[in-house]
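Student: Under full-length UniProt numbering, the residue at position 4 of the sequence shown is numbered 4, and the numbers go up by one with no gaps. Where is the CB? At the ideal position from N, CA and C, for every residue including glycine. Fair warning: this is a prediction, and the values are worked out from it, not measured in the lab.
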Amino acid sequence: MKASIPEDRLRILSYNILAESLAHEFGAHLYRGTSAHELAWDRRCAAFLKEIEAHSPDVLCLQEVDHFTQLKRELAARGYQGRYLKRTGARVDGLAIFWRTARLRQVFMDNIRFAESGLRDNVAQVATFELLPAEEQGREREGSPVPSSPPPSPGRPASSLREEVLQQQRSWAQWQRRRRQAAGEGSGQASPRQPGSDPTGSRGEATSAAAAAAILPFTFIVSNVHVLFNPKRGDVKLAQTRNLLHAVHGASRRAGGAPAVVCGDFNSAAYSDVHCFITSGELGLQAVDRRWASGQVEGIGRGWYRMRRRLLDELASGVIRGYAPKVPVPWTEEELAVAFARLRSRPGVEEEGGEEFDGAGAGGLNGAGAGVGSSAGGPRSGDWIPDGLPDTDPRRKMLLTHPLTLRSAYQAVTGEEPVWTTCHDGYMGTVDYIFYSLEPNGAPSLEPRGVLLPPVAQSLRSGLPNAHWPSDHVCLVADFDARRA
């Protein structure tokens, strides 16, 4: 892929870079064919930086980051600024979003900690960006004009959470004032009606709105997530994914309907139930076995060559699903409570999603009780369906939904997902994705124009990482055209 990018084209990269801490912890099980030299962080970090320089993305979504300070320093020298969010709990890795300051202005960064609602220690980031006007692109910027969420603090006391909420509100208020001012200056004051003009003023308002949209910076959302790994906890994966997509929808609404890109390691195979939920917007749980919902079947002990042979056989047959359908096991009420759980409402923040996301929480999520899955205050029998729900309510039908219309950038460009994005001694398949939102005609949108394909599976001679590939994942890269209207 070429390094130069047109002024209205955006390049987004998503990459699970394999945290050093996890590489050493699981090396004996997942990376038996990788030498200590190939697994060393310094060597792998240098390789990551070369890849980033070669692809020259505008936005980087990185997962399994445990050397953020080093990456921040190295990428700052290459024109990037970044934000980090550590996983909650004992793990030392987290997520990082970096952006090219010569092209983008970061408006807002929302940090999502699923543990605050009992949905494990995974986290997500939802960033709002503005594409700088052409005349400003190329100028290095030292920072964001609007503050972002503060870094996580140990223990997450209530005062810290409330301060984060207040800072978020101030950030959005400042940004919205600046947008209104820019729109007013660009469209000018309303002029007196001329004879024969539209008496309602509707055409004038539409023209004014179109003119304002044309002069305002192009705004878009990018989210970054690393979903729970456990292959048999499809209920948790669905809940984390659903909550992330509602948060992205909320950020898009606050930004006036901005288009969105959803990146990350979803730990779910292509065309699995989790994948179909993302791309279709709904999932009926009656026919879903939560143990197989992610389609991520571990192969530890089977050997890398055997897994590669299976994948090549599937390629030859033209049928790739990555998992074997099973006879569904009925969901327990606790599992349903987890799948339908929502993030705990934050004080002083209006709930996003309106009626379609109202009341879909499990026991303890709407009050001060413990989160889902905790031994003390987890969901109780019957909590997942509140009393008095009408028969048409999605929860009564066991129908899981989200409000976005999403499509895979890779499917849009090539017609299918990559054959694989991760490869080690425990699994070979696709778990990483770049999704984008489909917008109504006439609305600002992001249109995929190109993607970076992984190496052909037949070329691999060992699992990853190895001398040529510094992680057990390969990076995904997608080019988008920014369409203003």
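My parser needs the beta strand (DSSP E) runs of 3 or more residues fully inside the region 230-303; what are they?
Tutor: The region 230-303 contains these whole beta strand (DSSP E) runs: 260-265, 282-284.
Student: Let me check one thing: in DSSP terms, what residues is residue 535 bridge-paired to?
Tutor: The structure shown does not extend to residue 535, since the chain spans only 1 to 485, so no value can be given for it.
Student: When DSSP labels each residue in this structure, what does D432 get in the three-state scheme?
Tutor: Looking at D432 - three-state DSSP - the assignment turns out to be strand.
Student: Quick one: give me the first and last residue of the beta strand (DSSP E) that D110 is part of.
Tutor: Residues 104-113.
Student: Report the three-state DSSP secondary structure of S117 (helix, strand or coil).
Tutor: Helix.
Student: Could you say if the region 275-282 and the region 246-259 meet the contact criterion of at least three C-beta pairs nearer than 8 Å?
Tutor: Taking 8 Å as the limit for Cβ pairs, the verdict is that the region 246-259 does not touch the region 275-282.
Student: In this structure, how does DSSP classify Q181 when only helix, strand and coil are distinguished?
Tutor: DSSP places Q181 in helix when its eight states are reduced to three.
Student: First and last residue of the alpha helix (DSSP H) that includes H468?
Tutor: That residue, H468, is in no alpha helix (DSSP H); it is neither H nor E in DSSP.
Student: Just to confirm before moving on: does the CB-CB distance between Q125 and L85 stay below 8 Å?
Tutor: Going by C-beta atoms, Q125 is nearer than 8 Å to L85.
Student: Between G89, D66, W420, which has its C-alpha nearest R44's C-alpha?
Tutor: Here the closest residue by C-alpha is D66.
Student: Under 8 Å: do the region 435-445 and the region 460-475 share three or more Cβ pairs, one atom per stretch?
Tutor: No: fewer than three Cβ pairs fall under 8 Å.
Student: Can you tell me whether DSSP reads I12 as helix, strand or coil?
Tutor: Strand.
Student: Taking Cβ to Cβ, would you say Q240 is nearer than 8 Å to L95?
Tutor: No, the Cβ-Cβ distance between Q240 and L95 is not below 8 Å.
Student: Rounding to the nearest angstrom, what Cα-Cα distance links E25 and S268 in this structure?
Tutor: When rounded, the distance between both Cα atoms is 22 Å.
Student: Check whether the region 27-47 and the region 55-62 touch, using three or more Cβ-Cβ pairs below 8 Å as the test.
Tutor: Output reads no: the region 55-62 does not touch the region 27-47.
Student: Taking the straight line between their C-alpha atoms, what separation do you get for T69 and R78?
Tutor: For T69 and R78, the distance between alpha carbons rounds to 14 Å.
Student: So residue 543 packs on D93, CB below 8 Å; how close in whole Å?
Tutor: With the chain covering 1 to 485 only, the question about residue 543 has no answer from this structure.
Student: Going by beta carbon distance, what residues of the same chain come within less than 6 Å of L62, once the five residues before and after it are set aside?
Tutor: So the qualifying residues of the chain are Y15, I17, A96.
Student: Starting from H424, trace the beta strand (DSSP E) both ways and give me its first and last residue.
Tutor: From DSSP, the beta strand (DSSP E) with H424 extends over 422-424.
Student: Indicate the three-state DSSP secondary structure (helix, strand or coil) for P347 in the structure shown.
Tutor: Only weak support exists for where P347 lies, its pLDDT of 38 falling under 50; the value from the coordinates is given anyway. DSSP places P347 in coil when its eight states are reduced to three.
Student: Any contact between the region 282-295 and the region 451-465? By contact I mean 3 or more CB pairs, one from each, below 8 Å.
Tutor: No, the region 282-295 does not touch the region 451-465.
Student: On the DSSP bridge list, what partners appear for R407?
Tutor: Paired residues: Y436.
Student: What does the alpha-carbon distance come out to for the pair S272 and N111?
Tutor: Looking at the two C-alpha atoms, the distance is approximately 27 Å.
Student: According to DSSP, what are the bridge partners of Y427?
Tutor: In the DSSP output, where bridge partners are listed per residue, Y427 has H424.
Student: Nearest to H246 by CA position, among L406, L75, R461, R177, is which residue?
Tutor: Residue L406 is the option with its Cα nearest to H246.
Student: Please report the straight-line C-alpha distance between L131 and R73, rounded to a whole angstrom.
Tutor: In a straight line, the C-alpha of L131 is about 23 Å away from that of R73.
Student: What number of angstroms, rounded off, separates the C-alpha of G299 from the C-alpha of D265?
Tutor: Only weak support is given to the placement of G299: the predicted model assigns it a pLDDT of 45, under 50, and the value that follows is read from those uncertain coordinates. Using only the alpha carbons, I get a separation of about 18 Å.
Student: Which of the three DSSP states is assigned to H226 in this structure?
Tutor: Looking at H226 - three-state DSSP - the assignment turns out to be strand.
Student: Should P465 go down as buried or exposed, given a rule of 16 or more other Cβ atoms within 10 Å for buried?
Tutor: By the 10 Å Cβ count, P465 comes out buried.
Student: By how many angstroms is the C-alpha of L216 removed from the C-alpha of A260?
Tutor: For A260 and L216, the distance between alpha carbons rounds to 17 Å.
Student: Which residues in the same chain as R9 place their Cβ atom closer than 8 Å to its Cβ, once the five residues preceding and following it in sequence are excluded?
Tutor: Excluding residues within five positions, the ones whose Cβ falls inside 8 Å are R449, D479, F480, D481, A482.
Student: Nearest-angstrom Cα distance between W384 and K232?
Tutor: Because W384 sits at a pLDDT of 42, beneath the cut-off of 50, its placement in the model cannot be relied upon, and the point is left open.
Student: Leaving out five residues on either side along the sequence, give the residues of the same chain with a beta carbon under 7 Å from the beta carbon of W331.
Tutor: Correct list, in chain order: L285, R290.
Student: For L399, I'd like the list of residues in its chain whose CB is within less than 8 Å of its CB, leaving aside the five on either flank, ordered along the chain.
Tutor: Contacts found: E282, L283, G284, L285.
Student: Over the uninterrupted beta strand (DSSP E) stretch that includes A478, give me the two end residues.
Tutor: Counting along the chain, the beta strand (DSSP E) containing A478 begins and ends at 476-483.
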